[in-house]
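So in our numbering, spot 522 of the sequence shown is number 1892, and the numbers just go up one at a time. Positions of the beta carbon are idealized from the N, C-alpha and C atoms, including for glycine.
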Amino acid sequence: MTTIDNAPLTPTTGACGVARLAANEPTQPYNDLNDNQVEFPRDKGIHQLIEEQVQRTPNATAVIFEHERLTYRELNESANNLAGALQKLGIGPDVPVGVCLERSLEMMIGLLGILKAGGCYVPLDPAYPKERLAYVLADAEPPVLLTQTSLRHDLKFEIPDLKLLCVDEPAHASIPHSALRTPHSSDLAYIMYTSGSTGKPKGVMITHRNLANFFAGMDRVLGVAPGVWLAVTSISVDISVLELFWTLARGFTVVIHSDSPGQRPIPDQILQHGVTHFQCTPSLAGNLIRTTGSSEALRHLRKFLVGGEALPAALAAQLRQLLPGELINMYGPTETTVWSATQLVREVNGTVPIGRPIANTEIHILDKHLRPMAAGEPGEIFIGGEGVARGYLNRPELTAEKFVADPFSPNTRARLYRTGDIGRFRADETIEFLGRADHQVKLHGHRIELGEIESVLRQHPAVQECVVHVWEAGPDDKRLAAYLVPVSGSATRAIELRRFLEPKLPSYMVPAAFVWLETLPLTPNGKIDRRALPKPDEVRPDLDAAYVPLLMQIEETIAGIWRQVLRVERVGRHDNFFDLGGNSLLFTETHAKLCTALKVDFPIVRSFEHPTIAALTEFLASGKKAF
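Right under this line is the structure:
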């Protein structure tokens, strides 16, 4: 969109009460950054773009999962059949369909089938607590929940008229290609739920036009030469769209990474399948380079994309040394369609910038009055252009607050998304991310509203007040810590708080540490002083099991690794790794360190099956290693 340098001074305001840029206002520096218009298929659905690829390479392998695979023709035919069944159930334009599927070939058939039927998908991670899944279903009101037979009995919700359709049941009638509806570009493709500050997730509505533009933007960043992409991201996170859909529209083979504990390590999969492209969060990237075999695997990649949270300079430097291919830093909120800015990292000199906007995307750095900041001055990041979402489902007030009229555009319908991120323009005409303006954080690739966790914690009868904060346990190691004030001295144990939260929040939102305080520290103006919060004590939490000392040298070795990874000084032989504050990401790191220290190589699933030091020691000594 064209920036208005000399808009007339007028009292008229935009649709959201935002005054349009007047003649005497400063203009955005580096306006050429936003001069990035390219043509894209504005009137095609993304499934139509994939169908075009089916015509080009019908017999090429489209998707691989474990020992199964589908060609482009097979995937397309299976999705057509499912689309017919969905249309018979009333699925059409802007009609949501819940998707609760384990990672599998059926997951891809399900997503593509929904789009072909004309509907929009609402991803529901089977690993999420049932209470959260029920909230999303009640809010989105899909008439159909697409799942699989293995999950059917776990998905019993008291929602009237909700139909369950199992994608792996051979009961879907074929439908002629001509009968499939042609979507309008403004039709929804998906509704992605993100963390909400009020304690309730909010659904972001993304259209086919948003995605078609995103595809064009990725063409410029990644090129259109096909390859093999290892897809590791949950469909409940929007960056999965790049891994699963852009790839198929460009002739890639998509290898779906299983989230089962017995899955082969990522480096092994890269080598086995000849993977050329890979995308992950900095947290996962840090774990990956510490995994056995990663150096050799990374040498085979043409493109390594890192995003979802800030990329630390030290990690970027490590990756740059290991990668002969391209390292690309990615940035973008869900509300502006996956990625909005990219930066090719050639060398690392201090902070890694988030780069420049992708095609047909504007990025502005503004003050609280929506006036442009001078180069080098920090301000809030606003994003406009073809990627801006329709808004939040059933949240008109929040939509009006976050999606404001674009004062730089002659189009009175144009909007900017207020990200809440702070950034600035650098001298090299790239954008630097400086942090958040509120208490929203990104951790391990997940956008988390700390207020949502606080809201749930306040429901516990022993909690009078609380605040959740990000605790930097070490370099590139950020974790959540909850600080709590008890009700009249009734502090409860960390393990009980953890069990209270686990049915209500995804595992990545459960704090690793719980700290009881007499009062929360306050600033002079009466607000919580987060900078004054103490670091969590690195001591053993109060668990159900009493502390039992270690008995032998191998237990000391294992405990030493646990102490290092978990930042806990005291570990007993019957303590459960996850009760000590561990999570799946830390567990993967721990397993890799154990294999190195003990000079053994055994599947990580065996570690999951033996989550205490005593059990793991007994397993290793028994000879039943099944390595």
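Residues of its chain near residue i, where Cβ-Cβ distance is below 7 Å and the 5 sequence neighbours each way are ignored
{"i": "valine 1388", "result": "Unreliable positioning characterises valine 1388 in this predicted model, as indicated by a pLDDT of 43, which lies under 50. A coordinate reading is not provided."}
{"i": "aspartate 1524", "result": "none"}
{"i": "glycine 1318", "result": "No information on residue 1318 is available, as it lies outside the stretch 1371 to 1997 that the chain covers here."}
{"i": "phenylalanine 1870", "result": "His1830"}
{"i": "valine 1708", "result": "Phe1584, Asp1608, Ile1609, Val1611, Leu1612 and Gly1702"}
{"i": "proline 1631", "result": "Ile1974, Val1975 and Phe1978"}
{"i": "leucine 1986", "result": "Ile1928, Ser1977 and His1980"}
Beta-carbon proximity check, residue i vs residue j, cutoff 9 Å
{"i": "asparagine 1730", "j": "asparagine 1953", "result": "no"}
{"i": "threonine 1661", "j": "alanine 1962", "result": "yes"}
{"i": "lysine 1784", "j": "glycine 1754", "result": "A small fix is needed here, since residue 1784 is alanine in this sequence, not lysine. Contact: yes."}
{"i": "leucine 1681", "j": "serine 1664", "result": "no"}
{"i": "proline 1742", "j": "isoleucine 1735", "result": "yes"}
{"i": "alanine 1595", "j": "valine 1624", "result": "no"}
{"i": "glycine 1566", "j": "glutamate 1771", "result": "no"}
{"i": "isoleucine 1983", "j": "glycine 1942", "result": "yes"}
{"i": "histidine 1816", "j": "proline 1876", "result": "yes"}
{"i": "proline 1493", "j": "serine 1606", "result": "yes"}
{"i": "isoleucine 1434", "j": "leucine 1763", "result": "no"}
{"i": "threonine 1517", "j": "leucine 1532", "result": "no"}
{"i": "glycine 1454", "j": "leucine 1515", "result": "no"}
{"i": "glutamate 1835", "j": "valine 1758", "result": "no"}
Extent of the continuous alpha helix (DSSP H) run through residue i
{"i": "histidine 1734", "result": "Counting along the chain, histidine 1734 falls outside any alpha helix (DSSP H), though it belongs to the beta strand (DSSP E) covering 1731–1736."}
{"i": "methionine 1588", "result": "1578–1592"}
{"i": "methionine 1477", "result": "1475–1487"}
{"i": "lysine 1458", "result": "1442–1458"}
{"i": "tryptophan 1932", "result": "1923–1936"}
{"i": "leucine 1612", "result": "No alpha helix (DSSP H) contains leucine 1612, which DSSP labels as neither H nor E."}
{"i": "histidine 1643", "result": "1636–1643"}
{"i": "histidine 1816", "result": "Segment 1816–1819 is the beta strand (DSSP E) holding histidine 1816; no alpha helix (DSSP H) there."}
{"i": "threonine 1958", "result": "1954–1968"}
{"i": "arginine 1868", "result": "1864–1871"}
{"i": "proline 1973", "result": "That residue, proline 1973, is in no alpha helix (DSSP H); it is neither H nor E in DSSP."}
Proximity to residue i [Cα-Cα], best of the options
{"i": "serine 1448", "options": "Lys1486, Arg1785 and Val1469", "result": "Lys1486"}
{"i": "isoleucine 1484", "options": "Ala1559, Leu1521 and His1554", "result": "Ala1559"}
{"i": "histidine 1578", "options": "Lys1673, Ser1565 and Leu1482", "result": "Leu1482"}
{"i": "glutamate 1959", "options": "Leu1658, Val1424 and Ala1601", "result": "Leu1658"}
{"i": "aspartate 1589", "options": "Leu1736, Pro1411 and Gln1418", "result": "Pro1411"}
{"i": "leucine 1697", "options": "Gly1678, Thr1706, Glu1679 and Leu1671", "result": "Leu1671"}
{"i": "aspartate 1846", "options": "Gly1488, Asn1450, Ile1420 and Gly1656", "result": "Gly1656"}
{"i": "glycine 1593", "options": "Thr1617, Ile1605 and Ser1606", "result": "Thr1617"}
{"i": "proline 1463", "options": "Thr1552, Ser1825, Leu1445 and Thr1651", "result": "Thr1552"}
{"i": "cysteine 1536", "options": "Trp1599, Asp1557 and Asn1451", "result": "Asn1451"}
{"i": "isoleucine 1640", "options": "Glu1732, Gln1633 and Leu1668", "result": "Leu1668"}
{"i": "phenylalanine 1803", "options": "Gly1790, Asp1737 and Asn1406", "result": "Gly1790"}
N- and C-terminal bounds of the beta strand (DSSP E) containing residue i
{"i": "phenylalanine 1989", "result": "Note, phenylalanine 1989: premise wrong, no beta strand (DSSP E); alpha helix (DSSP H) at 1983–1992."}
{"i": "threonine 1623", "result": "1623–1626"}
{"i": "tryptophan 1886", "result": "1883–1886"}
{"i": "tyrosine 1563", "result": "1558–1564"}
{"i": "asparagine 1781", "result": "From DSSP, asparagine 1781 is part of no beta strand (DSSP E); its letter is neither H nor E."}
{"i": "valine 1855", "result": "1847–1856"}
{"i": "isoleucine 1659", "result": "No beta strand (DSSP E) contains isoleucine 1659, which is instead part of the alpha helix (DSSP H) from 1652–1659."}
{"i": "glycine 1421", "result": "Checking the displayed sequence, the identity of residue 1421 turns out to be glutamate instead of glycine. It is not in any beta strand (DSSP E) - glutamate 1421 instead sits in the alpha helix (DSSP H) that spans 1416–1426."}
Cβ-based neighbour list, residue i, same chain, cut-off 6 Å, excluding 5 preceding and 5 following
{"i": "leucine 1363", "result": "Past the boundaries of the shown model lies residue 1363; the chain is included only from 1371 to 1997, so the question cannot be answered."}
{"i": "leucine 1903", "result": "His1839 and Tyr1853"}
{"i": "phenylalanine 1674", "result": "Phe1648, Leu1693 and Leu1697"}
{"i": "lysine 1969", "result": "none"}
{"i": "isoleucine 1420", "result": "Leu1618 and Ala1619"}
{"i": "threonine 1615", "result": "For the record, residue 1615 in the displayed sequence is phenylalanine; it is not threonine. Excluding sequence neighbours, phenylalanine 1615 sits near Ile1416."}
{"i": "glutamate 1717", "result": "none"}
Expected contact under 8 Å - CB spacing of residue i and residue j to nearest Å
{"i": "aspartate 1509", "j": "glycine 1573", "result": "6 Å"}
{"i": "tyrosine 1491", "j": "proline 1571", "result": "Actually they do not touch by this definition, with Cβ atoms about 16 Å apart."}
{"i": "valine 1811", "j": "valine 1840", "result": "5 Å"}
{"i": "alanine 1883", "j": "arginine 1849", "result": "7 Å"}
{"i": "proline 1652", "j": "glutamate 1679", "result": "6 Å"}
{"i": "glycine 1621", "j": "arginine 1439", "result": "About 15 Å separates the two Cβ atoms, so there is no contact after all."}
{"i": "phenylalanine 1947", "j": "tryptophan 1932", "result": "7 Å"}
{"i": "glutamate 1472", "j": "leucine 1503", "result": "In fact, because the Cβ distance is near 14 Å, the residues do not count as touching under 8 Å."}
Closer than 9 Å to chain B by CB, residue i
{"i": "alanine 1883", "result": "In the structure shown, chain B cannot be found, because there is only a single protein chain."}
Spatial neighbours of residue i in its chain, beta-carbon cut-off 8 Å, leaving aside the 5 residues before and after
{"i": "arginine 1443", "result": "Val1424, Pro1428 and Asn1429"}
{"i": "glycine 1844", "result": "Arg1937"}
{"i": "glycine 1746", "result": "Arg1794, Phe1795, Arg1796 and Ala1797"}
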